[in-house]
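This report concerns only the one structure given below.
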Amino acid sequence: MNCQAHLYRGQDPKLLTRRWFFKDCAIGLGALALHQLFREAGFAAPESPTRPPVLADPLAPKQPHHAGKAKNVIFLFMAGAPSHLELFDYKPQLARFDGTLPPPELVKGYRAAFINPSSTFLGPKFKFARHGRCGAELSELLPNLAEVVDEIAIVKSMVTDAFNHAPAQIFMNTGSTQFGRPSMGAWITYGLGSESSDLPGFVVFSSGAKGPSGGNSNWGSGFLPTVYQGVQFRSGGEPVLYLSNPRGLDDSLQRRSLDALERLNRLRFEAIGDPEIATRINSFEMAYRMQSSAPELMDIAREPKHILELYGAEPGKASFANNCLLARRLVERGVRFVQLFHEAWDQHGNLVADLKKNCRDTDRACAALVKDLKQRGLLEETIVIWGGEFGRTPMVQGGNDGRDHHPNAFTLWLAGGGIKAGLTLGETDEFGFNAVKDRVHVHDLHATLLHLLGFDHTRLTFRFQGRDFRLTDVHGEIVEKLLA
Amino acid sequence: MILKPHRHWALAFLWLLAGPLMAAPEKTPGRLDHWAFKAPVRPALPEVKDRRWVRNPIDRFILARLEKEGLKPSPEADPITLLRRLFLDLIGLPPSIAEADAFLADPSPDRFEKQAEKLLGSPHHGERWGRHWLDAARYADSDGYEKDKQRSVWFYRDWVVGAFNRDLPYDQFIIEQIAGDQLPGAAAGQSVATGFLRNSMVNEEGGVDPEQFRMEAMFDRMDAIGKSILGLTIQCGQCHDHKYDPLAQEEYYRLFAFLNNDHEANIAAYTPEEEMRRAEIHRGIREIEAELRHRHPDWPERLARWEEEARGGQPEWTVVRPEVDDISTGGQKYLPLPDGSLLAQGYAPTKHAVKLTVKTDMPKITAFRLELLNDANLPLGGPGRSIWGTCALTEFEVEAAPAGDQARKEKVKIAAATADVEPAEAPLAPIFDDRSGKRRVTGPALFAIDENELTAWGIEVGPGRRNQERKAVFAAAAPISNPGGTVLVFYLKQNHGGWNSDDNQNHNLGRFRLSITSAPQAAADLLPRRVREILAVPREERAPAQTAVLFSAWRAAVPEWKEANERIEALWKRHPEGSSQLVLSAREEARDTRILKRGDFLKPGRPVSAGVPAFLHPLPEGAPPTRLTLARWLADRRSPTAARAMVNRVWQAYFGIGLVSTPEDLGTQSGPPSHPELLDWLAVEFMEGGWSLKRLHRLIVGSAAYRQSSRVSLELLALDPYNRLLARGPRFRVEGEIVRDIALAASGLLNPNIGGRSVFPPLPAFLLVPPASYGPKVWPEETGPERFRRSLYTFRYRSVPYPALQTFDVPNGDFSCVRRVRSNTPLQALMTLNEPVFLECARALARRALEEGGRSDPERLAYAFRRCVSRRPSAEEEKELLNLLEEEKRGFADDSKAWELAAADPSHPPRLPEGESPADLAAWTLVARVLLNLDETITKE
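Shown next, in the form of structure tokens:
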């Protein structure tokens with residue numbers, strides 16, 4: 001996850017992590033000439049994302065290629081792959097042909113994970129209705145989302161390359177089914193930096209019955225510098241690993257220890273002259289600040305009651321709802337990319353009961369997040385994405401209450417940050433098997449997101465192993481129809 | 001020297017950072033002309049002005065360049081800094097105070113060389129340098145992907161450590177890892193080395209196509225060979241011709257073809273002690289059998305009579321090739337093999353009943369035979385899929401219907417079950433616990449037809465003999481006869497696995513085959529197939545070893561030899577379990593390798609034969625297309641890149657940046673070498689010195705360049721921020737493992753044992769369960785001395801990397817890594833300040849200071865300080881730390897508060913040294929914590 005090329009093409013590894021050094025260099029360097037030197041060298045100048053900053057802090061806010069519509073992303077990753085057929089993509093024909101075999105030409109050459117492709121169709125299990133001014137069709141399982149349906153764009157024609165969980169999750173999050181590429185959050189933090197000075201730029205939460213299949217690589221930095229990798233927060237207990245002082249060590253002891261440590265490190269810096277020591281001094285300072293800023297962030301009990309109710313969040317409890325509220329709080333504090341993993345959607349069986357439960361757990365909080373961001377004026381600059389790694393088969397798995405993995409068509413929705421609200425994009429065929437109109441490939445989604453954030457996806461690159469890598473590899477078309 | 005800043009300098013600095021220090025490469029270099037594609041030739045040593053500085057040829061190259069730039073090398077570092085640098089470089093641990101004192105007291109002029117020699121001979125040397133290779137080998141202790149199950153592959157890790165310790169020549173080191181199993185007279189250890197290729201991830205999530213992920217693993221192996229051995233980026237060739245280097249897609253697949261003909265094998269590996277025990281057992285058995293022969297000289301006649309009896313009466317079996325019902329597999333894949341058997345692959349459910357349907361024209365069916373077969377791809381060769389290669393059959397059921405009239409399908413009543421192994425009833429091993437609370441057992445074949453869910457036919461007979469072919473025969477109560485043929489539906493119920501199918505808890509059949517017969521009263525043949533095969537050989541043509549096999553099979557059944565047989569059984573019971581190791585073993589038949597369109601295994605194009613890229617050195621004439629040929633080619637003296645790639649990485653480990661800054665890619669897109677002649681000189685020296693890495697180490701640490709002080713002036717920092725010119729010594733934060741090992745060593749907690757299974761130091765429990773991890777993961781936290789082993793031995797789950805290592809940029813083994821990043825972040829600060837093991841180190845260091853550091857606080861401080869950074873504190877540093885100590889001693893007036901910090905378990909505080917109070921220990925703990933967190937402590941200066 002973090003093997004990479006910090007030394008490439010004349011970049012100084014030591015100068016890549018300069019944030020605290022410059023930001024607070026008064027504490028460590030005093031009258032040292034280095035300060036002046038660096039300042040004259042112009043580290044504060046805006047950096048172009050294709051030429052990564054050399055002197056500047058790697059997490060300092062940066063200007064993208066063009067003025068972006070959005071500057072933050074909250075990705076609600078519904079791991080396990082929710083059924084588009086029960087939630088968004090109503091197929092009366094599928095209901096009609098329930099229990100019959102699919103036309104052979106439809107499943108010719110189709111590879112399924114578990115089932116024989118020639119399994120009978122399973123009709124949709126829930127009722128659908130049209131909602132909002134846009135009249136988008138939604139399942140009865142999503143009453144809360146129905147309230148904000150005019151704020152979101154639904155893409156019914158997503159397609160992906162993989163149909164096993166780990167590779168497909170890695171694909172959705174890194175643009176490759178092979179491990180080792182930077183995640184979307186890492187790319188975006190690399191391109192835009194972060195506006196938070198005492199929290200990581202890319203924060204990850206996990207809820208649900210399991211953890212994500214792709215594991216840490218879903219938010220890894222690949223060959224990008226490790227400062228861009230997602231930092232896993234916990235919604236209960238210590239939010240960040242080892243954030244709390246050890247038992248028996250209160251804040252004043254910590255402060256005095258850190259003061260002594262700083263003075264000792266400074267003595268060494270004066271003797272040796274290695275700026276890495278100054279960075280270390282500042283890392284400790286930032287750690288100290290994080291010790292108070294992170295618990296403050298996590299303390300949702302301070303939110304007014306109506307906000308807690310809006311999300312269905314309960315202080316002290318670990319839940320997807322709490323994580324949604326925390327996502328908003330993070331974005332408010334300048335964190336660039338927040339990703340919530342909710343692994344619960346792999347309904348090979350128990351489709352009806354599990355979907356009911358999953359929607360009970362998530363629908364209210366997802367809609368609340370959109371509403372809350374909007375009422376705070378944050379939705380304009382924040383893209384919210386809801387979706388999983390693939391869809392589910394129109395064919396049944398098992399008795400009559402399950403669906404297998406399906407890469408040919410699935411649905412996700414987006415909101416905010418330059419997305420055309422109220423849009424329903426794309427169509428699948430009459431059985432929800434293939435995306436047939438306005439197909440949006442995962443690479444296209446990536447290209448579009450980068451565009452909204454101000455990047456030409458072909459130019460947000462990082463040189464590694466002798467070539468320029470990018471999130472979209474050699475693919476990706478901006479989905480113009482999605483843009484407001 | 002700190003210069004007054006000047007705008008000119010600043011601009012120069014900016015330019016240096018913004019653009020490459022070296023001349024930019026030509027835009028369109030002649031691709032074949034690229035320096036790295038030509039074998040290195042030893043260049044002449046450049047002339048230098050200041051010859052007194054030069055200690056060895058390396059310095060000539062370094063100094064020539066410095067003189068060209070108008071720079072001077074830095075003075076030699078002070079002895080103690082140099083000593084610590086040498087220790088960290090050669091063994092990855094700091095020197096002890098005694099070692100430092102001995103070094104300083106040594107008056108001999110070659111004390112440094114002597115010290116280097118000592119460290120090169122230390123078993124910790126292999127740990128430190130083996131770790132670099134393990135990055136390249138993407139070593140991890142788990143499968144990766146969703147399930148990320150534990151795998152036992154530490155024999156490979158120990159093989160690597162051992163190879164560095166015994167200075168296995170690098171060419172041989174490569175050859176054994178690529179094809180150790182194919183070397184003439186290969187020993188077991190040499191097959192373990194092929195674990196290098198097997199370190200690829202394995203995806204066993206539900207519903208995978210195993211072939212797809214075998215291909216992913218193949219791509220990963222190619223990438224690992226490219227980065228670590230060739231020093232070239234070859235993975236582009238997976239999908240298309242390389243855009244920059246002269247590697248065609250076809251050439252990629254020709255290399256691929258060398259690697260494509262293997263089983264993904266899993267063998268038992270034994271430690272030297274276990275090997276000795278095995279040898280004793282086999283010797284013991286041979287002696288007992290020799291004794292029997294000696295005491296019964298008529299044995300040849302008796303054996304011959306037994307053979308006659310054994311030969312007759314075997315029913316004729318017809319293999320059936322049933323269809324697998326997809327829904328019944330629980331997500332497991334059943335691969336049909338040419339011999340009619342099925343091989344279980346992919347996801348392994350812990351409970352399922354596979355349904356198999358076949359139509360047969362046999363007019364009368366009296367019995368069914370289930371053969372359990374070995375397969376190299378199964379754990380320890382199978383025949384089962386459990387971690388021991390065993391399996392359990394809960395129930396065997398079969399239905400029969402006349403072909404064409406499925407409605408008349410009826411369950412076949414089974415009258416008898418016999419098997420060639422009928423173990424006594426035994427409860428399941430703990431790994432198969434399904435949390436039902438019920439007593440579940442394995443035992444004789446009857447357990448598979450007793451309609452009891454809790455009993456199963458098992459094959460477990462202990463290590464040493466469990467991984468062999470087995471068979472059971474199920475006789476129908478009445479013959480099945482259908483004139484128009486019969487449809488048979490078999491249900492093989494395998495419900496004796498554990499509760500967690502995301503862990504190694506399955507107990508499934510691995511490879512098996514079904515047959516039917518019309519013979520009356522068919523029963524399982526008690527003789528193994530290999531005995532039958534020997535029986536078929538005319539007596540006079542048999543080799544002595546074959547006769548010995550027959551003798552063993554016979555003597556076990558001679559009633560009057562009960563006592564001898566019992567002694568042999570007792571010997572078998574002493575057989576060690578061993579450990580599994582993933583290796584490669586060649587298939588009998590090569591696979592058909594084709595160019596894959598855009599790297600898609602579903603789009604094979606034209607076939608290719610094994611071969612090597614034209615821009616590199618050629619293969620020997622007529623070399624067979626084996627892995628061994630590839631291995632020898634990779635490590636060939638004529639290889640333009642093998643030696644350069646390795647010396648460059650060794651250089652990188654010492655100086656923080658390679659002579660070529662992109663060690664994974666020496667191709668046309670690589671960064672230009674800072675000292676091209678030195679790179680070539682070292683590469684040639686390395687090869688001509690018998691590919692000895694220890695020789696290379698001696699050379700580097702013996703250079704004046706290595707011994708320079710790392711103190712840097714502003715001027716020099718501006719001119720050469722990466723220290724590529726080496727006008728100063730290296731200075732950088734040590735690797736993640738060493739950050740932690742330094743704390744363990746300084747505190748005295750370190751358990752310095754070498755090798756063995758991976759260990760489980762403390763880890764926050766929530767990381768190991770959902771929703772942090774996909775499924776619950778096994779992490780039996782160590783409570784004994786294994787808690788404080790070197791970080792090299794920390795168990796590595798790919799999906800849940802150990803935080804104290806991950807935070808310090810340790811790669812997790814998902815892919816080959818030949819260059820780590822070195823970050824400096826607040827999360828690292830939180831780690832060394834607050835992580836429990838670091839805190840335990842601070843407590844232990846505090847106690848040591850009190851117990852061993854002397855009587856006065858300044859003495860104790862110097863002691864603790866030296867344990868961390870080797871040197872003594874300056875007066876100013878001493879003052880700072882003593883102030884902290886004094887202030888905090890007063891702060892812990894209350895004992896219980898002091899113990900909270902100073903004791904691992906405050907309710908059971910440790911005994912204090914005479915005359916010390918809990919407040920003293922708490923204050924010292926704080927001081928020790930500061931010392932362990934110093935930048936200098938985790939830095940190689």
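As you go down the protein sequences, you meet chains A and B in turn.
Residue 484, in this note's numbering, is where the first sequence stops; the numbers in between run on with no holes.
Residue 941, in this note's numbering, is where the second sequence stops; the numbers in between run on with no holes.
Beta carbons: idealized from backbone N, C-alpha and C, even for Gly.
Sequence-distant residues of its chain with Cβ nearer than 6 Å to residue 45(B) (five each side left out): 57, 60
Within 7 Å (strictly less), CB to CB, does residue 478(A) reach chain B? no
Which residues of chain B have a Cβ atom closer than 8 Å to the Cβ of residue 165(A), listed in chain order? 146, 205
Contacts around residue 29(B), its chain only, beta-carbon distance under 6 Å, and the 5 residues preceding and following it disregarded: Residue confidence for residue 29(B) is low, a pLDDT of 44 falling below 50, so the modelled location carries little weight; the figure read from the coordinates is stated next. Cβ neighbours of residue 29(B) beyond the five flanking positions: 668.
Excluding the 5 residues preceding and the 5 following residue 136(B) in the sequence, name in chain order all residues of the same chain whose CB lies nearer than 6 Å to its CB. 228, 816, 818
May I ask you to report which of helix, strand or coil DSSP gives residue 104(A)? helix
Does any residue of chain A have a CB that is nearer than 7 Å to the CB of residue 962(B)? Outside the modelled stretch of chain B, which goes from 1 to 941, sits residue 962(B), for which no answer is possible.
Could I get the ranges of all uninterrupted alpha helix (DSSP H) runs contained in the stretch 207-241 of chain B, with 4 residues as the minimum, in chain order? 210-225
Listing by chain order, which chain B residues have their CB less than 9 Å from the CB of residue 274(A)? 710, 711, 712, 717, 731, 732, 935, 939, 941
Partner residues on chain B for residue 284(A), Cβ-Cβ distance less than 7 Å: 829
Taking the DSSP output, what are the residues bridged to residue 512(B)? 342(B), 372(B)
Can you list, in chain order, the residues of its chain whose CB lies under 7 Å from that of residue 381(A), leaving out five sequence neighbours each side? 70, 71, 72, 417
Measure the CB-CB distance between residue 647(B) and residue 682(B) and report whether it falls below 7 Å. yes
Of all the CB atoms in chain B, is at least one closer than 7 Å to the CB of residue 402(A)? no
Pairwise C-alpha distance: residue 86(B) and residue 99(B): 12 Å
If you check the beta carbons only, do residue 80(A) and residue 427(A) fall under 7 Å apart? no
Does any residue of chain A bring its CB to less than 7 Å from the CB of residue 491(B)? no
Below 8 Å on the Cβ atoms is my contact criterion, and I expect residue 383(B) with residue 373(B) to pass it. Report the Cβ-Cβ distance as a whole number of Å. 5 Å
DSSP three-state call for residue 517(B): helix, strand or coil? strand
Same chain only: Cβ atoms within 7 Å of residue 167(B), ignoring 5 sequence neighbours per side: 692, 693, 694
Given a cut-off of 7 Å on the beta-carbon distance, is the pair residue 359(A) and residue 141(A) in contact? yes
Please say whether residue 384(A) and residue 365(A) have beta carbons closer to each other than 7 Å? no
Report buried or exposed for residue 27(B), applying the criterion of at least 16 other Cβ atoms within 10 angstroms of its Cβ. At residue 27(B), the pLDDT of 39 sits below 50, so the modelled position is not reliable and the matter cannot be decided from this model.
Which residues of chain D have a Cβ atom closer than 9 Å to the Cβ of residue 105(A), listed in chain order? The chain labelled as chain D is not found among the protein chains of the depicted structure, namely A and B.
Neighbour-count burial assignment, residue 506(B), 16 or more Cβ in a 10 Å radius: buried
Residues of chain A with a CB under 8 Å from the CB of residue 929(B): which are they? 257
Between the alpha carbons of residue 435(B) and residue 498(B), how many angstroms are there, rounded? 8 Å
Find the nearest neighbour of residue 118(A) within the set 156(A), 85(A), 396(A), 323(A), judged by alpha-carbon distance. 396(A)
Would you say residue 171(B) faces chain A, with C-beta separation under 7 Å as the test? no
Between the Cα of residue 40(B) and the Cα atoms of 793(B), 835(B), 617(B), which residue gives the shortest distance? 617(B)
Between residue 139(A) and chain B, is any beta-carbon pair separated by less than 7 Å? no
Using a Cβ-Cβ cutoff of less than 6 Å, which residues in the same chain neighbour residue 61(A) once the five nearest sequence positions on both sides are dropped? 193, 195
With respect to 6 Å, is the separation between the Cβ of residue 101(A) and the closest non-hydrogen atom of the ligand ATP below this value? This structure simply doesn't include the ligand ATP, nor any ligand for that matter.
So if I threshold CB-CB distances at 8 Å, which residues from the stretch 181-198 of chain A count as touching chain B? none
Assuming contact is defined by CB atoms lying nearer than 7 Å, are residue 75(A) and residue 339(A) in contact in what I supplied? yes
Ranges of the alpha helix (DSSP H) found wholly within the stretch 736-768 of chain B, counting only runs of at least 4: 736-747
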